[in-house]
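FYI, the numbering for the sequence shown is 35 to 152, going by the working numbering.
Below is one structure, written out as structure tokens; comments come after it.
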Amino acid sequence: MPAESFSTRLPYNTPGKFYVTEDCLDCDLCSETAPTLFTRNADEGTSYLFKQPATAEEHEQAIESLEGCPCEAIHNDGDQHDWTMPPTARPSWRSDNSPKPTCSHCSPPKRPWWKFWA
Ligand code: SF4
């Protein structure tokens, strides 16, 4: 559902092919994978695209970030859409005081820490 995901994009993404949606739980994995493309918005508790990939290497890093995002919050169909249309939807946990969902990447390990690497 590309149009649906585009409607939930974060408004501060740089327009282009790739974008991050409101599903981002700010695990910071994409910024680690592609630091020249993604950064954090600490006030909002999200990461976003501050630069679209311009080289083959950056494009590979963007794809790697998309595939590694534990929240499936990164999409690559933004060049098919009208960036002048404002985002229309926010998940309920962002617009009311619902607890933030847990992230499989960030949530505490289910094993004791001394067995984490076992
Ligand atoms: S990897 Fe996904 S969930 Fe984690 S900060 Fe990036 S966009 Fe957000």
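C-beta: ideal position from N, C-alpha, C; glycine also.
Per the Cβ contact rule, the segment 48-60 is in contact with the segment 97-112 (3 or more Cβ pairs under 8 Å).
Of the other Cβ atoms in all chains shown, fewer than 16 fall within 10 Å of the Cβ of residue 46; this residue is therefore exposed.
Nearest to residue 102 by C-alpha distance, out of 118, 37, 42, 66, is 66. Assignment of residue 72 by DSSP, reduced to helix, strand and coil, places it in the strand class. Per DSSP, residue 100 lies in no beta strand (DSSP E); the unbroken alpha helix (DSSP H) holding it starts and ends at 90-102. Taking 8 Å as the cut-off, the beta carbon of residue 58 is found closer than this to the beta carbon of residue 80. According to the DSSP assignment, residue 80 belongs to no alpha helix (DSSP H) but to the beta strand (DSSP E) extending over 80-83. Annotation for residue 40 indicates a beta carbon at 7 Å or more from all heavy atoms of ligand 1. Each residue's CA atom was taken as its position, placing residue 135 and residue 84 some 24 Å apart.
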